[in-house]
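Trainee: For reference, the structure I am asking about is given below.
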Amino acid sequence: MSSTTFICIICSEPLTPNNMFSISCGHVFHEDCMTQIISQKKYCPKCRKVATLRDVRQIHLDNVQIKSESNKIKLNVREPSGNITVLEKIKSSDTIELIKCMVEMKIGIPPDQHRLIYMGKQLEDDRTIAYYDIEDGATIHLIMRLKGC
Numbered sequence: 599m600s601s602t603t604f605i606c607i608i609c610s611e612p613l614t615p616n617n618m619f620s621i622s623c624g625h626v627f628h629e630d631c632m633t634q635i636i637s638q639k640k641y642c643p644k645c646r647k648v649a650t651l652r653d654v655r656q657i658h659l660d661n662v663q664i665k666s667e668s669n670k671i672k673l674n675v676r677e678p679s680g681n682i683t684v685l686e687k688i689k690s691s692d693t694i695e696l697i698k699c700m701v702e703m704k705i706g707i708p709p710d711q712h713r714l715i716y717m718g719k720q721l722e723d724d725r726t727i728a729y730y731d732i733e734d735g736a737t738i739h740l741i742m743r744l745k746g747c
């Protein structure tokens with residue numbers, strides 16, 4: 599059985615078997631995160647469907663193995679020149695901003711001078727590896743930012 603890390607997209611922390619709650623649209627979050635958002639905004643933060651606190655249900659997972667944060671992945675970063683740099687010890691909860699800083703340390707290109715692309719999408723700094731479902735061995739493309747006027 600393959601193990602999976604489930605991440606709360608509100609706080610970017612791993613979900614645990616005893617703290618996984620869903621709403622009617624099916625999206626899963628920590629109870630505290632979900633309660634706070636729904637109390638304020640009255641909709642799912644992922645799909646924007648209307649939700650109420652009455653919709654919150656705990657999810658019970660039996661015989662599911664949750665991958666621990668100690669399991670880290672490697673990412674390949676393809677530079678415009680075609681060179682590939684390997685980033686190691688990446689956690690699913692790492693933000694894209696952190697990945698950009700790792701790129702700067704390895705390659706020397708500051709985060710404000712490049713963008714990262716995965717599966718045709720530009721990765722946003724405040725999102726996590728888990729949010730984009732980036733897996734071990736994946737290739738992320740580094741694109742240089744165009745200089746403005």
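Residue numbers (this note's numbering): 599 to 747. We put the CB at the ideal spot given by N, CA and C, even for glycine. The structure displayed is predicted, hence computed values, not measured ones.
#1: Please determine, among Cys606, Asp734, Asp710, the residue with the shortest C-alpha to C-alpha distance to Ile626.
#2: Have a look at Tyr641 and Thr650 and give me their C-alpha separation to the nearest angstrom.
#3: Look up Glu629 in the DSSP assignment and say whether it is helix, strand or coil.
#4: Express the C-alpha separation of Met632 and Gln638 in angstroms, rounding to a whole number.
#5: On the three-state DSSP scale, how would you describe Met700?
#6: Helix, strand or coil: which one does DSSP assign to Arg646?
#7: Would you mind reading off the limits of the beta strand (DSSP E) that contains Met742?
#8: How would you label Ser679, buried or exposed, when you count the other beta carbons within 10 angstroms and need 16 or more for buried?
#9: Pull the bridge partners of Val675 from the DSSP assignment, please.
#10: Looking at C-alpha atoms only, which residue of Ile636, Glu611, Asp630 is the closest neighbour of Cys623?
#11: With a threshold of 16 other CB atoms inside 10 Å of the CB of Pro615, please say whether the residue is buried or exposed.
Mentor: So, from the data block:
#1: Start at 1 with the first residue of the sequence shown, and residue 626 comes out as number 28. In the sequence as displayed, the identity of residue 626 is Val instead of Ile. Looking at the Cα atoms, Cys606 is the closest of the given residues.
#2: For the purposes of this step, residue 641 is identified with residue 43 of the sequence shown, where counting begins at 1. For the purposes of this step, residue 650 is identified with residue 52 of the sequence shown, where counting begins at 1. Approximately 7 angstroms, taken between the alpha carbons.
#3: Residue numbering aside, residue 629 sits at position 31 when the sequence shown is read from its first letter. Glu629 falls in the helix class under three-state DSSP.
#4: In the sequence shown, residue 638 corresponds to position 40, counting from 1. In the sequence shown, residue 632 corresponds to position 34, counting from 1. Going by the C-alpha atoms only, they are around 10 angstroms apart.
#5: Within the sequence shown, residue 700 is the residue found at index 102, counting from 1. In the structure shown, Met700 sits in a helix (DSSP, three-state: H, G or I).
#6: Residue 646 sits at position 48 when you count from the first residue of the sequence shown. Coil, per DSSP.
#7: Counting from 1 along the sequence shown, the entry for residue 742 is found at position 144. Looking at the DSSP string, the run of the beta strand (DSSP E) that includes Met742 is 737 to 742.
#8: Within the sequence shown, numbered from 1, the residue matching residue 679 stands at position 81. By the neighbour-count rule (16 or more Cβ atoms within 10 Å), Ser679 is not buried but exposed.
#9: Stepping through the sequence shown from its first residue, residue 675 is reached at position 77. Thr683, Ile738, per the DSSP bridge assignment.
#10: Stepping through the sequence shown from its first residue, residue 623 is reached at position 25. Ranking the options by Cα distance to Cys623, first place goes to Ile636.
#11: Locating residue 615 in the sequence shown gives position 17, where the first residue counts as 1. Exposed, because fewer than 16 other Cβ atoms sit within 10 Å of the Cβ of Pro615.
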